[in-house]
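Engineer:
Numbering (UniProt numbering), first residue to last: 1 to 370.
Next up, the structure:
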């Protein structure tokens, strides 16, 4: 019996269904909504802002501090030194007012608070000292503060010329600017040592007088033990008397010891000193100056100081001698001179005898009569 042929078995891969046709579509959406990412919380944001602010403030503060330091040490505006006088008890405000008036502040609105800040920061507040100060040109605020803390005030000078009477010296001290207070009685003649004295503004006049007296006492204590042997002087007081006469007789340093020798030789011989300045002092004790030439009538006028009429030394000094005159009185030149007269050239001609002296007097009169 014939059988119908059958289809051959498929030899390819086994398939389970028909091939899909057309493009493949997106997968179906997940019905669950996506989770949102959380940002920083409010506390975190606040902390971040605070840190940023602190950083900015730190930068600003550092910049301000640097600027303030630079300005505190920057040169000042004044091209010349300026002087300010800070009275005792002055406040920082008072001092800054003086500095502004003196032109030492470039911008008072800025430099006033900066100066206060600077002296507080450096520990100088409350340590600024009163006195008179010379502020150097272009001094910085820091330099001014250092100067006021140092107390290096202006040093003034008072020069007392040799040969003034005590009354003249007192008038000089009273007229000296920068000294304060009054002076009582005029000190004894010869008790004040002429020198240059330094002082600061506000020192007392009475204190200055005391300094001159102390200086004279000190000089005598030093010089009296060094005196030459066999001097006809019994005390330091007598040395001052002789020195005062030498001081008024000559202003030449090279003549002092020669003039001293004349008077010492006369004292040794019991001769009168016959010194014109002693006559003048007896007639005008406050100034030691008649304001006119000495006359024969003056030489004949009796006073305690007229050494044309009295023997020995006068009863006291006729002026305040300087140290060189004291040294000359205590260490005179070795000579046989007994006389001297002006030589017409600012000095004196010395002579051991009256005859030679009269010759010198005639020469002087001829020069004067020219």
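Cβ coordinates follow ideal geometry from the N, Cα and C atoms, glycine included.
Opposite residue 349 in the DSSP bridges: which residues?
Structural biologist: Its beta-bridge partners are 341.
Engineer: Mind checking residue 275: buried by the 16 CB within 10 Å criterion, or exposed?
Structural biologist: The residue is buried, with at least 16 neighbouring Cβ atoms inside 10 Å.
Engineer: Answer yes if the segment 161-177 comes into contact with the segment 315-331, meaning at least three C-beta pairs across the two stretches below 8 angstroms, and no otherwise.
Structural biologist: Contact holds: three or more Cβ-Cβ distances are below 8 angstroms.
Engineer: What residue ranges within the segment 69-152 form continuous alpha helix (DSSP H) runs of no fewer than 4 residues, ordered along the chain?
Structural biologist: As far as the segment 69-152 is concerned, its whole alpha helix (DSSP H) runs of at least 4 residues are 92-101, 108-121 and 141-150.
Engineer: Let me confirm a value: residue 314 is counted as buried when at least 16 other C-beta atoms fall within 10 Å, else exposed. Which label applies?
Structural biologist: Label assigned to residue 314: buried.
Engineer: Can at least three beta-carbon pairs, one atom from the segment 279-288 and one from the segment 343-361, be found at a separation below 8 angstroms?
Structural biologist: Because the criterion of three Cβ pairs below 8 angstroms is not met, the segment 279-288 and the segment 343-361 do not touch.
Engineer: Taking a contact to mean a Cβ-Cβ separation below 8 angstroms, would you say residue 260 touches residue 329 in this structure?
Structural biologist: The answer is yes: Cβ separation under 8 angstroms.
Engineer: Relative to the alpha-carbon of residue 332, which residue among 342, 149, 246 and 301 has its alpha-carbon at the smallest distance?
Structural biologist: Comparing Cα-Cα distances from residue 332 to each of 342, 149, 246 and 301, the minimum goes to 246.
Engineer: Taking just the CA atoms, how far does residue 286 sit from residue 146?
Structural biologist: Distance between the alpha carbons of residue 146 and residue 286 is about 48 angstroms.
Engineer: What whole-angstrom Cβ distance do residue 371 and residue 360 have, given they're in contact under 8 angstroms?
Structural biologist: The structure shown has nothing for residue 371, since the chain only spans 1 to 370.
Engineer: Considering only C-alpha positions, which residue in the set 298, 309 and 257 is nearest to residue 334?
Structural biologist: Of the candidates 298, 309 and 257, the one whose C-alpha sits nearest the C-alpha of residue 334 is 257.
Engineer: Indicate whether the contact test is met: 3 or more Cβ pairs, each with one atom in the segment 153-161 and one in the segment 195-208, closer than 8 angstroms.
Structural biologist: The answer is yes - the segment 195-208 touches the segment 153-161, with three or more Cβ pairs under 8 angstroms.
Engineer: Less than 8 angstroms between the CB atoms is what I'm expecting for residue 148 and residue 128, so what's the real figure, rounded?
Structural biologist: The pair is a contact, with the Cβ atoms about 4 angstroms apart (cut-off 8 angstroms).
Engineer: Once you ignore the five residues that flank residue 244 on each side, which residues in its own chain have a CB closer than 6 angstroms to its CB?
Structural biologist: Same-chain partners within the cutoff: 190, 317, 318, 319 and 321.
Engineer: Buried or exposed: which applies to residue 141, given that a residue is buried once 16 or more other Cβ atoms fall within 10 Å of its Cβ?
Structural biologist: Answer is buried; the Cβ neighbour count reaches 16.
Engineer: What span of residues does the alpha helix (DSSP H) with residue 367 cover, start to end?
Structural biologist: It spans 354-368 - the alpha helix (DSSP H) in which residue 367 sits, taken as one unbroken run.
Engineer: DSSP state of residue 158, grouped into three classes?
Structural biologist: Strand at residue 158.
Engineer: I believe residue 88 touches residue 125 by the beta-carbon criterion, under 8 angstroms. Please report the beta-carbon distance rounded to the nearest angstrom.
Structural biologist: That belief does not hold up - the Cβ atoms of residue 88 and residue 125 are roughly 17 angstroms apart, past 8 angstroms.
Engineer: For the candidate residues 96, 295 and 73, whose alpha-carbon lies nearest to that of residue 109?
Structural biologist: Considering only alpha carbons, the answer is 96.
Engineer: In whole angstroms, what is the alpha-carbon distance linking residue 79 and residue 59?
Structural biologist: In a straight line, the C-alpha of residue 79 is about 35 angstroms away from that of residue 59.
Engineer: Measure from the alpha carbon of residue 85 to the alpha carbon of each residue in 99, 215 and 74, then state which is nearest.
Structural biologist: With distances taken between Cα atoms, residue 85 lies closest to 99.
Engineer: If you measure between the beta carbons of residue 232 and residue 194, is that distance less than 8 angstroms?
Structural biologist: Against a cut-off of 8 angstroms, the Cβ pair of residue 194 and residue 232 comes out as no contact.
Engineer: Starting from residue 196 and walking both ways along the beta strand (DSSP E), at which residues does that stretch end?
Structural biologist: Looking at the DSSP string, the run of the beta strand (DSSP E) that includes residue 196 is 196-199.
Engineer: Spatial neighbours of residue 238 within its chain, please: C-beta separation below 8 angstroms, excluding the five flanking residues on both sides.
Structural biologist: Cβ within range, chain order: 313.
Engineer: Rounded to whole angstroms, what's the CA-CA distance from residue 205 to residue 343? Just pull it up for me.
Structural biologist: For residue 205 and residue 343, the distance between alpha carbons rounds to 41 angstroms.
Engineer: Between 299, 326 and 180, which lies nearest to residue 217 when the distance is taken from Cα to Cα?
Structural biologist: Nearest of 299, 326 and 180 to residue 217, Cα basis: 326.
Engineer: Considering only DSSP beta bridges, list what residue 180 is partnered with.
Structural biologist: In DSSP, residue 180 forms a bridge with 204.
Engineer: Count the other CB atoms within 10 Å of the CB of residue 76; is the residue buried (16 or more) or exposed (fewer)?
Structural biologist: The residue in question, residue 76, is buried, as its Cβ has 16 or more Cβ neighbours within 10 Å.
Engineer: Can you tell me where the alpha helix (DSSP H) with residue 268 in it begins and where it stops?
Structural biologist: Looking at the DSSP string, the run of the alpha helix (DSSP H) that includes residue 268 is 256-269.
Engineer: Please state whether DSSP places residue 237 in a helix, a strand or coil.
Structural biologist: If DSSP states are grouped into helix, strand and coil, residue 237 belongs with the helices.
Engineer: Are residue 134 and residue 81 close, meaning C-beta to C-beta below 8 angstroms?
Structural biologist: Yes.
Engineer: Run the CB neighbour count on residue 337, radius 10 Å, all protein chains shown included, and call it buried at 16 or more, exposed below.
Structural biologist: When all chains shown are included, residue 337 counts as buried.
Engineer: Does the distance from the C-beta atom of residue 114 to that of residue 71 stay below 8 angstroms?
Structural biologist: The answer is yes: Cβ separation under 8 angstroms.
Engineer: Helix, strand or coil for residue 54 per DSSP?
Structural biologist: In this structure, residue 54 counts as helix in the three-state DSSP scheme.
Engineer: What is the DSSP secondary structure of residue 163, counted as helix, strand or coil?
Structural biologist: The answer is coil: DSSP assigns residue 163 none of H, G, I, E or B.
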